[in-house]
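Notes follow the structure.
Numbering (the working numbering), first residue to last: 2 to 137.
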């Protein structure tokens, strides 16, 4: 059920982005897009700092990070990167980029699943308990 709700939120964000770009003027799109970037980038930095030495490009199970943003969001770096990029798309005012953004979100979802499998294999029940406490 959580995956369905998350997918619905992503579709609604894409629809809202299209509405802002097509129904509002350029100044409104810049404000909305800029606000999303201004909100998401600092949170992306916080997520990176909280991940510490567990950060890697390819999924690795160095440690199970469950504090800070990770206590509620299982993949905050992907989440806030996607929000920031949606802000850029809105600010640019190119509706076709929403499709590219959706494709990137799908790539991040696949990467998240791959990462989850690595963590579950390494940490077992501790990882499953952690995921049960997160929002999605």
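C-beta: ideal position from N, C-alpha, C; glycine also. All figures in this text were calculated on a predicted structure; none of them were measured in a lab.
Residue closest to residue i, alpha-carbon to alpha-carbon, out of the options
{"i": "residue 4", "options": "110, 69, 118, 120", "result": "110"}
{"i": "residue 135", "options": "114, 115, 112, 74", "result": "74"}
{"i": "residue 48", "options": "25, 22, 78, 88", "result": "78"}
{"i": "residue 123", "options": "7, 85, 45, 66", "result": "66"}
Backbone CA spacing between residue i and residue j [nearest angstrom]
{"i": "residue 96", "j": "residue 106", "result": "16 Å"}
{"i": "residue 80", "j": "residue 102", "result": "12 Å"}
{"i": "residue 38", "j": "residue 68", "result": "24 Å"}
{"i": "residue 94", "j": "residue 71", "result": "32 Å"}
{"i": "residue 18", "j": "residue 91", "result": "6 Å"}
{"i": "residue 29", "j": "residue 36", "result": "10 Å"}
{"i": "residue 12", "j": "residue 108", "result": "15 Å"}
{"i": "residue 63", "j": "residue 119", "result": "10 Å"}
{"i": "residue 21", "j": "residue 113", "result": "29 Å"}
{"i": "residue 31", "j": "residue 125", "result": "45 Å"}
{"i": "residue 82", "j": "residue 27", "result": "23 Å"}
{"i": "residue 132", "j": "residue 25", "result": "39 Å"}
{"i": "residue 115", "j": "residue 60", "result": "7 Å"}
Integer-rounded CB distance, given that residue j should sit under 8 Å from residue i
{"i": "residue 53", "j": "residue 88", "result": "About 26 Å separates the two Cβ atoms, so there is no contact after all."}
{"i": "residue 41", "j": "residue 85", "result": "4 Å"}
{"i": "residue 15", "j": "residue 99", "result": "5 Å"}
C-beta neighbour in chain C for residue i, strict 7 Å
{"i": "residue 126", "result": "In the structure shown, chain C cannot be found, because there is only a single protein chain."}
Report task. At 3 residues or longer, and completely inside the stretch 41 to 66: list those beta strand (DSSP E) runs for me, N to C. Result -> none
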